Amino acid sequence: RQMCIRDRCKFKLKKIVMTREEIIFCRKALVAFLFMVAAMCLSMLTSCSNEDEMFDRETTEVLPSVFSEDRTLYTDTEYLISKPVFVTNGATLTIQRGALLKALPASGQGKAAIVITKGCKIVANGTEDAPIVMTALIKEPGSWDGVIVLGKAPVSYEYETLYCGTVATDISYGGSEGNDDSGSLQFVRVEYAGAAGGAVTFDGVGRGTTIDHCQSYCSGGDGFMFNGGTVNARYLISTGASQNGLCFNEGYTGKLQYVMATAPIRKSVWSVVSCNGTGKLEVPSFYTHPVIANLSTAHDNKSHGRRYPIAVSAYSRLTLVNSSTREAVADDDIPVQLIGGQPGALPGIDYILINATREVSSLTPDRFVLDTFFERTDYEGAVAPDVMKDRDWTKAGWVRQGKKP
5 RQMCIRDRCK FKLKKIVMTR EEIIFCRKAL VAFLFMVAAM CLSMLTSCSN
55 EDEMFDRETT EVLPSVFSED RTLYTDTEYL ISKPVFVTNG ATLTIQRGAL
105 LKALPASGQG KAAIVITKGC KIVANGTEDA PIVMTALIKE PGSWDGVIVL
155 GKAPVSYEYE TLYCGTVATD ISYGGSEGND DSGSLQFVRV EYAGAAGGAV
205 TFDGVGRGTT IDHCQSYCSG GDGFMFNGGT VNARYLISTG ASQNGLCFNE
255 GYTGKLQYVM ATAPIRKSVW SVVSCNGTGK LEVPSFYTHP VIANLSTAHD
305 NKSHGRRYPI AVSAYSRLTL VNSSTREAVA DDDIPVQLIG GQPGALPGID
355 YILINATREV SSLTPDRFVL DTFFERTDYE GAVAPDVMKD RDWTKAGWVR
405 QGKKP
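The sequence shown begins at 5 in the numbering used here and counts up by one.
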């Protein structure tokens with residue numbers, strides 16, 4: 005063995021001489037190789053970004069069941085949710101851009117969830133390049149409950165919350181503060197949630213809260229649920245909800261613009277539902293009345309041979325502005341008033357009111373007023389028909405695309 009090592013030490017390398025042409029060829033080959041590697045890496049990163057943002061984190065942490073003080077969730081940590089997590093005592097939960105939360109399997113009302121109780125805030129501000137992703141280990145609709153925000157804004161009546169009677173935390177919602185602020189959700193994607201309701205549920209949330217660029221993906225129930233409250237939102241997309249893409253109840257009176265709701269074949273009943281339900285009061289103190297501008301639906305379910313992407317139920321109104329969706333259905337025993345038109349003072353604006361409150365509305369084209377919340381558009385649907393593909397917000401990188409049927 006020593007002789008072998010000694011012989012190797014005596015070995016001398018021959019000097020290699022390359023021609024100029026050979027050097028140029030090698031350089032070109034090296035550049036081509038590096039370019040190929042960079043392209044492969046970019047492809048892998050893009051694939052991860054479009055799927056689950058499951059790139060490696062430095063650490064993993066299991067979230068506790070209660071946050072009673074301010075807390076920040078960081079981008080470099082993968083957070084696991086094994087049960088309902090309640091934010092209490094006026095605390096603020098801040099989630100950094102690009103953060104990843106993953107729900108673990110559970111059963112019953114012990115399923116994972118993020119619950120922001122009344123008087124607390126969630127500040128989850130992702131970006132187009134680094135969205136906040138809340139997903140599940142088991143990639144099946146209804147694997148966890150999702151995000152539930154409880155606010156102090158008015159509700160016409162209150163149902164019991166999901167966890168009523170099972171936890172010591174105060175999980176009531178509603179009040180008299182229309183401008184209540186529960187924080188912000190921006191560039192947030194919630195996947196495989198909706199085990200017992202909406203993937204993202206706003207209960208009595210006020211208009212002081214900021215909601216824009218949010219997606220519900222493959223919910224086991226509704227995509228977005230608004231129970232009472234006055235909160236407004238822009239750029240919402242519900243993809244593949246098993247029930248309704250959007251559902252409004254309990255006197256919700258907020259405004260939405262740039263909304264897309266898609267449903268899987270033979271599963272979802274409607275894309276959009278507005279109703280007041282059958283609560284404790286025979287007649288609610290005020291009616292559910294969402295106003296939605298620039299709505300698009302992709303609906304495959306049929307009722308009696310016709311497509312009904314929208315349903316309006318008792319004690320409820322729904323106003324659509326520049327919507328690409330016109331067909332709607334209401335309960336058989338409810339007289340429905342339809343008013344629509346193009347106000348002369350607002351060229352390019354087309355609206356329709358679907359009124360199922362049993363009270364006649366005086367809203368006519370000459371009285372129609374477009375709220376200052378809305379941006380003026382002269383096209384129907386969530387995306388302008390002539391917009392370039394790279395400017396289509398529903399196809400942006402932060403949006404997860406639905407599986408083809």
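Glycine included, every Cβ here is placed at the ideal spot set by N, Cα and C.
Note that the coordinates shown come from a computational prediction; the quantities given were computed from them, not determined experimentally.
Asked: Which class does R404 belong to by DSSP, given the choice of helix, strand or coil?; Found: coil
Asked: Tell me the DSSP secondary structure of R371 in three-state form.; Found: coil
Asked: With a threshold of 16 other CB atoms inside 10 Å of the CB of D396, please say whether the residue is buried or exposed.; Found: exposed
Asked: Going by C-alpha distance, which of T79, D74, L108 is nearest S86?; Found: L108
Asked: Which term fits V235, buried or exposed, when burial requires 16 or more other beta carbons within 10 angstroms of its beta carbon?; Found: buried
Asked: Does DSSP put T398 in a helix, in a strand, or in coil?; Found: helix
Asked: Classify K106 as buried or exposed, calling it buried when 16 or more other Cβ atoms lie within 10 Å of its own Cβ.; Found: buried
Asked: So, is R330 buried or exposed, given that buried needs 16 or more other C-beta atoms within 10 angstroms?; Found: exposed
Asked: Just list the beta strand (DSSP E) runs in the stretch 293 to 358, keeping only unbroken ones of 3 residues or longer that don't cross its boundaries, in chain order.; Found: 295 to 302, 314 to 316, 321 to 325, 332 to 334, 341 to 345
Asked: Can Y177 and L154 be called in contact, C-beta distance under 8 Å?; Found: yes
Asked: On the criterion of 16 or more Cβ atoms from any shown chain inside 10 Å, does D60 qualify as buried, or is it exposed?; Found: exposed
Asked: If contacts are defined as beta-carbon pairs under 8 Å, then G181 and G210 qualify, I think. What distance do you get, rounded to the angstrom?; Found: In the sequence as presented, Gly is not what sits at residue 181; that position holds Glu. Contact holds; Cβ gap of about 6 Å.
Asked: Who are R238's beta bridge partners in DSSP?; Found: D216, Q261
Asked: Once you ignore the five residues that flank M264 on each side, which residues in its own chain have a CB closer than 6 Å to its CB?; Found: I241, S300, A386, T398
Asked: Who are the Cβ neighbours of A332 in its own chain at under 8 Å, not counting the five residues just before and after it?; Found: Y312, P313, I314, A315, V316, L322, I358
Asked: Can you tell which of R101, F377, G150, Q100 has the C-alpha that lies nearest to the C-alpha of A110?; Found: G150
Asked: Can you tell me whether L122 is helix, strand or coil according to DSSP?; Found: Rather than Leu, the amino acid found at residue 122 in this sequence is Lys. The answer is coil: DSSP assigns K122 none of H, G, I, E or B.
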